[in-house]
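Asker:
There are 2 protein chains.
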Amino acid sequence: MSLRYALLDLLAGDPMSGYDLTGRFTVSLANVWPAQHSQIYPELARLVQDGLIVQTGEGPRGRKVYSITPAGVDAITAWLRETEPDYTIRAESLLRIFCLWALPTDEALAHLAHDRGEFTRHRDELATMIEKVDWGDNLSRRGARLSIEFGHRYYCELVEYVDWAAAQIEAGALRAGGPVPAPTLKRTL
Amino acid sequence: MSLRYALLDLLAGDPMSGYDLTGRFTVSLANVWPAQHSQIYPELARLVQDGLIVQTGEGPRGRKVYSITPAGVDAITAWLRETEPDYTIRAESLLRIFCLWALPTDEALAHLAHDRGEFTRHRDELATMIEKVDWGDNLSRRGARLSIEFGHRYYCELVEYVDWAAAQIEAGALRAGGPVPAPTLKRTL
DNA sequence: CTCTGACATGTAAATATCTACATGTCAGGA
DNA sequence: TCCTGACATGTAGATATTTACATGTCAGAG
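Protein chains in written order, with our numbering: chain A, 126 to 314; chain B, 126 to 314.
(1) Chain B partners of leucine 225 of chain A, CB-CB under 8 Å?
(2) Contact defined as beta carbons within less than 8 Å: I believe proline 185 of chain A pairs with serine 218 of chain B. What is the distance between those atoms, to the nearest angstrom?
(3) Quick check: is the beta carbon of serine 122 of chain A nearer than 8 Å to any beta carbon in chain B?
(4) Closer than 8 Å, Cβ to any Cβ of chain B: which residues of the segment 156 to 180 of chain A, in chain order?
(5) Counting only C-beta atoms, is aspartate 211 of chain B closer than 8 Å to chain A at any point?
(6) In terms of residues, what are the limits of the alpha helix (DSSP H) holding proline 250 of chain A?
(7) Anyone know if the C-beta pair for proline 159 of chain A and arginine 215 of chain B falls short of 8 Å?
(8) Going by the DSSP bridge assignment, what does arginine 215 of chain A pair with across the sheet?
(9) Spatial neighbours of aspartate 249 of chain B within its chain, please: CB distance less than 6 Å, with the 5 preceding and 5 following residues excluded, ordered by chain position.
(10) Here's the rule I'm using: 16 or more other beta-carbon atoms within 10 Å means buried, otherwise exposed. How should histidine 162 of chain A be labelled?
(11) From what residue to what residue does the beta strand (DSSP E) around glutamate 183 of chain A run?
(12) Contact criterion: CB-CB distance below 8 Å. Does arginine 228 of chain B meet it with respect to chain A?
(13) Check whether the Cβ atoms of valine 287 of chain A and arginine 246 of chain A sit closer than 8 Å, and answer yes or no.
(14) Quick one: what does DSSP say valine 190 of chain B is sitting in, helix, strand or coil?
(15) CB leucine 172 of chain A to CB arginine 206 of chain A, shorter than 8 Å?
(16) Between the segment 187 to 204 of chain B and chain A, which residues of the former have a C-beta closer than 8 Å to a C-beta of the latter?
(17) Considering only the beta carbon of each residue, do leucine 225 of chain B and histidine 239 of chain B sit closer than 8 Å?
(18) Over the uninterrupted alpha helix (DSSP H) stretch that includes threonine 147 of chain A, give me the two end residues.
(19) What in chain A is Cβ-close to aspartate 231 of chain B, meaning under 7 Å?
(20) Buried or exposed: alanine 196 of chain A, going by 16 or more other Cβ atoms within 10 Å of its Cβ?
(21) CB-CB under 7 Å to alanine 290 of chain B, same chain, minus the five flanking residues each way: which ones, in chain order?
(22) Any beta carbon of chain A sitting closer than 8 Å to that of leucine 237 of chain B?
(23) Under a Cβ-count criterion, where at least 16 other Cβ atoms within 10 Å of its own Cβ denotes burial, should valine 258 of chain B be classed as buried or exposed?
(24) For a contact meaning CB atoms closer than 8 Å, what does glutamate 282 of chain B contact in chain A?
(25) Output the distance between the C-alpha atoms of isoleucine 165 of chain A and serine 127 of chain A, rounded to the nearest integer angstrom.
(26) Between glutamate 295 of chain A and chain B, is there a C-beta pair that is closer than 8 Å?
(27) Where does the unbroken alpha helix (DSSP H) through proline 195 of chain A begin, and where does it stop?
(28) Give a yes or no on whether 8 Å exceeds the smallest Cβ distance from serine 127 of chain A to chain B.
(29) Would isoleucine 201 of chain B pass as a contact of aspartate 134 of chain B if the rule is Cβ separation under 8 Å?
(30) Got a sec: is the Cβ-Cβ distance from aspartate 139 of chain B to anything in chain A below 8 Å?
(31) Can a CB atom of chain A be found closer than 8 Å to the CB of leucine 234 of chain B?
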């Protein structure tokens with residue numbers, strides 16, 4: 126049901142269309158709960174049926190603008206209060222790093238270098254957003270600010286991590302008889 | 126298809142049963158690609174059909190032990206080489222923080238405190254694993270070591286992040302007219 | 001005026017994932 | 001000996017997600 130609440134949250138920030146929402150899912154929410162338009166439109170229809178959002182405007186090319194209802198806000202509150210958080214994460218790119226032993230060392234390093242490029246790109250995009258966007262007085266947009274901050278920290282961390290991983294692999298961590306990666310940082314335990 | 130490669134990777138580390146694999150998905154892989162036994166058993170059957178794994182042993186209570194085949198190793202290599210990584214992440218717990226504006230401040234803070242407990246627990250579990258487990262000479266287990274390191278760093282980061290978010294909310298970031306969360310750390314931009 | 005590309009909304013079918021059901025074995029403690 | 005709980009494997013049905021198909025509008029460049 127996460128998609129439902131992601132949509133409600135965005136609509137609480139500003140009324141917008143399915144197309145606009147899809148765009149948000151490729152920027153701010155992409156770092157938390159990705160979704161495509163083919164999933165978003167049917168869910169919007171269900172939200173209207175359930176009275177959690179209403180269509181409050183229209184525009185060119187069949188554009189439909191939706192707004193959250195008080196019942197919609199209540200639905201978010203109830204979700205936060207009554208359901209247990211799911212603390213699992215899914216990250217395919219990390220699973221790949223897990224599997225890098227199946228490539229020769231130079232190829233594994235090239236793979237990591239490619240990842241690093243992606244991660245710095247995301248990191249810098251988010252940094253720009255943090256600086257440029259007017260976070261205003263809107264409560265939900267301020268929630269978004271918290272999320273963007275997370276995304277930024279996450280990608281900073283990822284860049285540091287791939288550098289660490291690359292150093293380990295260069296040192297032969299994925300070759301038999303090479304050094305075993307030891308705990309290099311004893312963080313707050 | 127990620128589940129498939131997660132299973133192949135684990136079986137490359139050590140031959141084991143579906144039950145054992147399920148256990149792995151609740152520890153090391155839980156931080157990257159969670160899965161339940163009801164998804165694992167059918168996928169194992171498909172992997173056998175495709176010749177990527179074979180049953181190499183049995184045990185009490187119908188236990189079946191599987192091993193990866195050379196074709197299975199090749200499948201991982203081909204996956205890494207031929208498919209584009211998906212850099213998106215899914216984290217429901219972060220989406221919740223995104224939505225915290227829908228709760229009164231004290232409840233929002235309590236929610237974050239609960240999250241913090243979970244994150245420190247995960248962090249400490251992983252720290253223990255890093256110290257206690259013999260990472261040996263097995264290439265795939267060494268890949269696992271890279272993944273555990275990531276999980277540990279990730280949860281360290283999450284703990285710092287919820288502390289930051291809690292401070293922001295305490296300072297009134299989610300009340301109208303309160304301070305707007307400004308970029309507090311200028312990391313490597 | 002025509003073309004192109006961004007805007008805009010949807011549906012269908014195939015996969016993947018989750019929740020619940022269903023069944024049976026074996027070891028160890030009471 | 002009986003009971004319990006961990007071990008062990010599976011299936012069924014409901015949801016969620018992805019990929020591909022399908023359609024149409026409008027603004028601006030050439």
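Ideal placement from N, C-alpha and C gives every residue a C-beta, glycine not left out.
Model, not experiment: these values are computed from the prediction.
Answerer: The answer reads as follows:
(1) Close partners of leucine 225 of chain A in chain B (Cβ separation under 8 Å): Leu205, Gly268 and Leu271.
(2) Distance from proline 185 of chain A to serine 218 of chain B at the Cβ level is roughly 39 Å; contact not present, criterion being Cβ atoms closer than 8 Å.
(3) Chain A is shown from 126 up to 314; residue 122 of chain A falls before or after that span and cannot be answered.
(4) For the segment 156 to 180 of chain A, the set of residues with a beta-carbon nearer than 8 Å to any beta-carbon of chain B comprises Asn156, Val157, Trp158 and Pro159, in chain order.
(5) For aspartate 211 of chain B, the nearest CB of chain A lies under 8 Å from its own CB, placing it at the interface with that chain.
(6) The sequence as given places glutamate at residue 250 of chain A; proline does not occur at that position. Segment 230 to 257, the alpha helix (DSSP H) holding glutamate 250 of chain A.
(7) Contact annotation: proline 159 of chain A and arginine 215 of chain B have beta-carbon atoms nearer than 8 Å.
(8) Paired residues: B:Arg215.
(9) Within its own chain, no residue has a Cβ closer than 6 Å to the Cβ of aspartate 249 of chain B once the five positions on either side in sequence are excluded.
(10) Around the CB of histidine 162 of chain A, fewer than 16 other CB atoms lie within 10 Å, so the residue is classed as exposed.
(11) Per DSSP, the continuous beta strand (DSSP E) segment holding glutamate 183 of chain A begins and ends at 178 to 183.
(12) Residue 228 of chain B is actually leucine in this sequence, not arginine. Yes, leucine 228 of chain B lies at the interface with chain A (some Cβ there is under 8 Å from its Cβ).
(13) A distance of 8 Å or more separates the beta carbons of valine 287 of chain A and arginine 246 of chain A.
(14) Three-state DSSP puts valine 190 of chain B in a strand.
(15) In this structure, arginine 206 of chain A does not lie closer than 8 Å to leucine 172 of chain A by Cβ.
(16) Flagged, chain order: Val198, Ile201, Thr202 and Trp204.
(17) In this structure, histidine 239 of chain B does not lie closer than 8 Å to leucine 225 of chain B by Cβ.
(18) Start and end: 143 to 151.
(19) Correct list: empty, because the minimum Cβ distance to chain A is about 13 Å.
(20) Exposed.
(21) For alanine 290 of chain B, same chain residues with a beta-carbon under 7 Å away, outside a window of 5 residues either side, are Ile222 and Leu237 in chain order.
(22) No, leucine 237 of chain B does not count as interfacial toward chain A.
(23) An exposed status is given to valine 258 of chain B, since fewer than 16 other beta-carbon atoms sit within 10 Å of its beta-carbon.
(24) Neighbours of glutamate 282 of chain B on chain A, chain order: Arg278, Tyr279 and Glu282.
(25) Serine 127 of chain A has its alpha-carbon roughly 12 Å from the corresponding atom of isoleucine 165 of chain A.
(26) False, the Cβ-Cβ gap to chain B never drops below 8 Å.
(27) Counting along the chain, the alpha helix (DSSP H) containing proline 195 of chain A begins and ends at 195 to 207.
(28) When Cβ-Cβ separations below 8 Å define contact, serine 127 of chain A makes contact with chain B.
(29) Going by C-beta atoms, isoleucine 201 of chain B is nearer than 8 Å to aspartate 134 of chain B.
(30) So no, aspartate 139 of chain B is outside the interface.
(31) It does not; no Cβ of chain A falls within 8 Å.
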